[in-house]
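Enquirer: Just dropping this structure here.
2 protein chains.
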Amino acid sequence: MRNITVIGEILVEIMADSPGSGFLEPIALTGPFPSGAPAIYASQAARLGQPCAMISAVGNDDFGRLNLARLAADGVDTSAIAIDPDLPTGSAFVRYRPDGNRDFVFNIRHSACGSTTLTPKAHAVLAQTDHLHVMGSSLFSDSLLHANLTAIETVKARGGTVSFDPNLRREILGAPGMRHAMTRILGLCDLYLPSGGELTLLTTAQTKAEAIAELLRRGPRAVIHKAGAAGVSWHDRNGALHQPAFAVTELDPTGAGDCFAAAFTCFWLRGMPLAETLCLAAAAGALAVTRRGPMQGAATLPELLAFAAQNHRTPG
Amino acid sequence: MRNITVIGEILVEIMADSPGSGFLEPIALTGPFPSGAPAIYASQAARLGQPCAMISAVGNDDFGRLNLARLAADGVDTSAIAIDPDLPTGSAFVRYRPDGNRDFVFNIRHSACGSTTLTPKAHAVLAQTDHLHVMGSSLFSDSLLHANLTAIETVKARGGTVSFDPNLRREILGAPGMRHAMTRILGLCDLYLPSGGELTLLTTAQTKAEAIAELLRRGPRAVIHKAGAAGVSWHDRNGALHQPAFAVTELDPTGAGDCFAAAFTCFWLRGMPLAETLCLAAAAGALAVTRRGPMQGAATLPELLAFAAQNHRTPG
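Shown next, in the form of structure tokens:
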């Protein structure tokens, strides 16, 4: 089994119980849920039995302990998650508006994970890493950006592979240097996994077909385009393969893309046939939205297989 | 009417709905409530009709907007509360343990209010200030400590007065330079308002009578000792006056000391007879604990008078 590493944010999520606009008065909330896109990715990968390590930092508080306990229970290697003595664990308050959009109050950039650096323990993890997964959401601080760029070099130098999910959060859009960094990582990755309109985020081309062709010229071996209810499609120099979405009742969309990406990279690294990989990864994304809480829907391989069978989709 | 100013932390409080230990799993919460000891003080003073300004900073987020709206609605002068474009509004999660103690997860030191500085608008407020209230809880960052020390000089130079509530939070106990700063402010204040065991925090003497005598030698004109259910006592060079506590059902003790201090300083500045001042301030502290949420129990003067009358205590 290949070792995966992911470097980025760990936070707690606090969810409003009822839809509405923002957080301007006391309301019923539920939390803290363990969260952070790369942490969700690591949780999902580990639940699928893949050796997976995370490089990050939490505060010396209950929110950090909650996340560390959850990741360790899933089997994630937490040896390179530092406990910052000073900065708090990151947090995100989320409330659904009646129209399905979400309002957030974030404390991430100035939280412990924002100052993640490659400690000796992190370098020890990277020395064993076969595949690095990079998320755009994790490039919000200079130290995290630098850690990811260094890790890409380290992993590629030892013959490893890199996947890149642009996964942009509103708060980091337009940050100085962000487009340059994203473009650089796009050129270095093996798999590129944009969602919806992110497909044309870094391209000159603005149509889907032209954007895919441009992306394949610029670096990645394959583009995996996640289109939500419209399913997911794989594109490489040889052609394309489409996987329809599973029909599920959406309870909480947070984490669906991260669970998809984790399952996809795990099965791809195992050399599973592409159609089966896409099918089971789509099942992982579908199951993620059926549970409330960002990390609560990460499934095991038997659960993915059972879900696909129930939905009359034999993988492959 | 004399103008009061207070400089310190603004934050939201998120309260666990049920007692228990810490925040290690998702639980039912209620919030965000406007909070921060000096903000509670300002809210209570303004609700009593006293001109009161606050110098602080919030983030450019719903938690900051919630606090600004609440303080403005109470009549607090918010002109010197800066909106930090980068740092988040402070937050505190609180959960009661079955034994009545509280567990916290704080993000205050690295929040917007931690970087409060004396802006031109803050200096404009200080140029009109007759009384400054200083809280130990607000001395947790160099910039807030410096702002309070500068404000003490400014207000005293124009003939104003200073009250000081040591109001220590666990997180700032033992911070470098804290004892020195607290001792310096003790020597400069007119009124010193310790709670319970804080009476001997800065004294060599360790008995109550000796500590009061020592404190009165070292600076303040009067020591007002808040002893919770045991009531409150005034001590000056001429003697002492005791005010028993009002019997109330405690729903949430947060803010009681701050509401007491606000009511006390307001009535003291108005020249109200001492016994009446102590009685109505005790009523303000008692009413504060009868509502859930740190700032929800701040009463108006008619409410204080009605409450004192209902409890068969004619003020004075």
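Going down the list, the protein sequences come from chains A and B.
Reading the first sequence from the start, the letters are residues 2 to 317 in our numbering.
Reading the second sequence from the start, the letters are residues 2 to 317 in our numbering.
From the three backbone atoms N, C-alpha and C, an ideal C-beta is built for every residue, glycine too.
As the structure is a prediction and not an experimental result, all values here were calculated from the model.
(1) Could you round the C-beta distance between A:L189 and A:I153 to whole angstroms and report it? I think they count as a contact, below 8 Å.
(2) So which residues of chain A does B:R66 contact, with C-beta pairs closer than 7 Å?
(3) At the 8 Å Cβ level, is A:N108 part of the contact set with chain C, yes or no?
(4) Tell me which residues of the stretch 284-311 of chain B have at least one Cβ-Cβ distance to chain A shorter than 8 Å, keeping chain order.
(5) Would you kindly check if the distance between the Cβ of A:N108 and the Cβ of B:N108 is under 8 Å?
(6) Of the residues A:T184, A:T117, A:G9, A:M296, which one's Cα is nearest the Cα of A:P33?
(7) By how many angstroms is the C-alpha of B:A262 removed from the C-alpha of A:D143?
(8) Taking 8 Å as the threshold, find out whether the stretch 249-263 of chain A comes into contact with the stretch 28-46 of chain A through three or more Cβ pairs.
(9) Could you give the first and the last residue of the continuous alpha helix (DSSP H) run that contains A:S44?
(10) Run the CB neighbour count on B:S44, radius 10 Å, all protein chains shown included, and call it buried at 16 or more, exposed below.
(11) Once you ignore the five residues that flank B:L270 on each side, which residues in its own chain have a CB closer than 7 Å to its CB?
(12) B:P20 to B:R103, Cα distance in whole Å?
(13) Looking only at C-alpha atoms, which of B:L192, B:A276, B:A128, B:T208 sits nearest to B:R232?
(14) In terms of alpha-carbon separation, which member of A:I5, A:A307, A:P274, A:A289 lies closest to A:A299?
(15) Can you confirm whether the stretch 25-32 of chain A touches the stretch 63-71 of chain B when touching is taken to mean that 3 or more C-beta pairs between the two stretches lie within less than 8 Å?
(16) Hey, which unbroken runs of the beta strand (DSSP E) at 3 residues or more fall wholly within the stretch 212-240 of chain A?
(17) From this set, B:V156, B:K122, B:P121, which residue's C-alpha is nearest B:V135's C-alpha?
(18) According to DSSP, is B:D78 helix, strand or coil?
(19) Would you identify the three-state DSSP class for A:M136, choosing helix, strand or coil?
(20) Using a Cβ cut-off of 8 Å (strictly closer), state whether B:P177 contacts chain A.
(21) Which residues of chain B have a Cβ atom closer than 8 Å to the Cβ of A:T31, listed in chain order?
(22) Taking Cβ to Cβ, would you say B:S139 is nearer than 8 Å to B:G9?
(23) I need the straight-line Cα distance from A:P177 to B:P167, nearest angstrom please.
(24) Could you tell me which chain B residues have their CB closer than 8 Å to the CB of A:I15, listed as they occur along the chain?
(25) Let me make sure I understand the geometry here. Which of B:A307, B:L127, B:G294, B:D191 has the alpha-carbon closest to that of B:Y97?
(26) Kindly indicate which three-state DSSP category B:I11 falls into: helix, strand or coil?
(27) According to DSSP, is A:Q311 part of a helix, a strand, or is it coil?
(28) Based on the DSSP output, what are the partners of A:S92 in its beta bridges?
(29) May I ask you to list the residues that DSSP assigns as paired with B:S57?
(30) Can you tell me whether A:A158 is helix, strand or coil according to DSSP?
(31) According to DSSP, which residues form a beta bridge with B:P99?
(32) Within 8 Å (strictly less), CB to CB, does A:D253 reach chain B?
(33) For A:T90 versus A:A113, is the C-beta distance shorter than 8 Å?
(34) Let's see if you can read the secondary structure: which residues bound the alpha helix (DSSP H) around A:G197?
(35) Give me, in chain order, the residues of the same chain whose beta-carbon lies closer than 6 Å to that of B:F165; leave out the 5 immediate sequence neighbours on both sides.
(36) Given a cut-off of 8 Å on the beta-carbon distance, is the pair A:W235 and A:A223 in contact?
Expert: Taking the structure as given:
(1) Their Cβ separation, rounded to whole angstroms, is 5 Å, which keeps A:L189 and A:I153 in contact under 8 Å.
(2) Within 7 Å Cβ-Cβ: L25.
(3) Looking for chain C here will not work: the only protein chains present are A and B.
(4) So the list reads G294, given in the order they occur along the chain.
(5) Here B:N108 is near A:N108, since their CB atoms are less than 8 Å apart.
(6) Selected option, being the one with the closest Cα: A:M296.
(7) Each residue's Cα considered, the two are about 44 Å apart.
(8) Contact between the stretch 249-263 of chain A and the stretch 28-46 of chain A is present, because at least three Cβ pairs lie under 8 Å.
(9) Run containing A:S44: 38-48, per the alpha helix (DSSP H) assignment.
(10) With 16 or more Cβ atoms within 10 Å of its Cβ, B:S44 is classed as buried.
(11) Cβ neighbours of B:L270 beyond the five flanking positions: R3, H132.
(12) If I take the Cα positions, the gap works out to 9 Å.
(13) This sequence places Gly at residue 232 of chain B; Arg is not what is there. The shortest Cα separation from B:G232 among B:L192, B:A276, B:A128, B:T208 belongs to B:A276.
(14) Ranking the options by Cα distance to A:A299, first place goes to A:A289.
(15) Yes, the stretch 63-71 of chain B is in contact with the stretch 25-32 of chain A.
(16) Look at the stretch 212-240 of chain A and you find these whole runs of beta strand (DSSP E), each 3 residues long or longer: 223-227, 233-237.
(17) Ranking the options by Cα distance to B:V135, first place goes to B:V156.
(18) Residue state, collapsed to three classes: strand.
(19) A:M136 falls in the strand class under three-state DSSP.
(20) Not closer than 8 Å to any Cβ of chain A, the Cβ of B:P177 fails to qualify, so no.
(21) P27, I28, A29, L30, listed in chain order.
(22) Going by beta carbons, B:S139 and B:G9 fall inside the 8 Å limit.
(23) Looking at the two C-alpha atoms, the distance is approximately 43 Å.
(24) Among the residues of chain B, those whose CB is under 8 Å from the CB of A:I15 are I15, L30, following chain order.
(25) With distances taken between CA atoms, B:Y97 lies nearest to B:G294 out of B:A307, B:L127, B:G294, B:D191.
(26) Three-state result, B:I11: coil.
(27) Helix.
(28) Bridge partners of A:S92 according to DSSP: A:V13, A:N108.
(29) B:I82, per the DSSP bridge assignment.
(30) Reduced to three states, the DSSP call for A:A158 is helix.
(31) DSSP output for B:P99 lists no bridge partner at all.
(32) With 8 Å as the cut-off, A:D253 does not count as an interface residue toward chain B.
(33) The answer is yes: Cβ separation under 8 Å.
(34) Taken as a continuous stretch (DSSP letters only), A:G197 belongs to no alpha helix (DSSP H), as it is neither H nor E.
(35) Cβ within range, chain order: V135, I186, C190, Y193.
(36) Yes, they are a contact pair.
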